[in-house]
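Residue numbers (the working numbering): 339 to 414.
In this text, a Cβ means the ideal position worked out from N, Cα and C, and glycines have one as well.
I have placed the structure first, in the form of structure tokens, so that the comments after it can refer back to it.
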């Protein structure tokens, strides 16, 4: 399947459309096919890492110190 991923924080140019392995649902889970999605303010802030100064350290710990912990944006 195709997904938009990012390996580093930065401007929109860090986003890449790549072919990734299709997720396999675990027991008691379902796989839903998504045809379209939205980009929210949280997605933009997560990718560019523009957060208020007071939240910088907690956000870095939660999202990733040097690079993003999750390469594909969206709910976990």
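Three-way DSSP call (helix, strand, coil) for residue 352 in this model
For the purposes of this step, residue 352 is taken as residue 14 along the chain shown, with counting starting at 1. In the structure shown, residue 352 sits in a helix (DSSP, three-state: H, G or I).
Among 366, 360, 397, 380, nearest to residue 372 - alpha-carbon criterion:
Sequence index remark: in the chain shown, residue 372 carries index 34 (1-based). Nearest C-alpha to residue 372 among 366, 360, 397, 380: 360.
Residue 348 to residue 392, Cα distance in whole Å?
What you label residue 348 is simply residue 10 of the chain shown in a count that begins at 1. What you label residue 392 is simply residue 54 of the chain shown in a count that begins at 1. In this structure, the alpha-carbon of residue 348 lies about 20 Å from that of residue 392.
Have a look at residue 374 and residue 340 and give me their C-alpha separation to the nearest angstrom.
Here the question's residue 374 lines up with position 36 in the chain shown. Here the question's residue 340 lines up with position 2 in the chain shown. Taking the CA atoms as reference points, residue 374 sits about 12 Å from residue 340.
Please report how far the alpha carbon of residue 385 lies from the alpha carbon of residue 366, in whole angstroms.
Residue mapping note: residue 385 aligns to position 47 of the chain shown, counting from 1. Residue mapping note: residue 366 aligns to position 28 of the chain shown, counting from 1. Looking at the two C-alpha atoms, the distance is approximately 31 Å.
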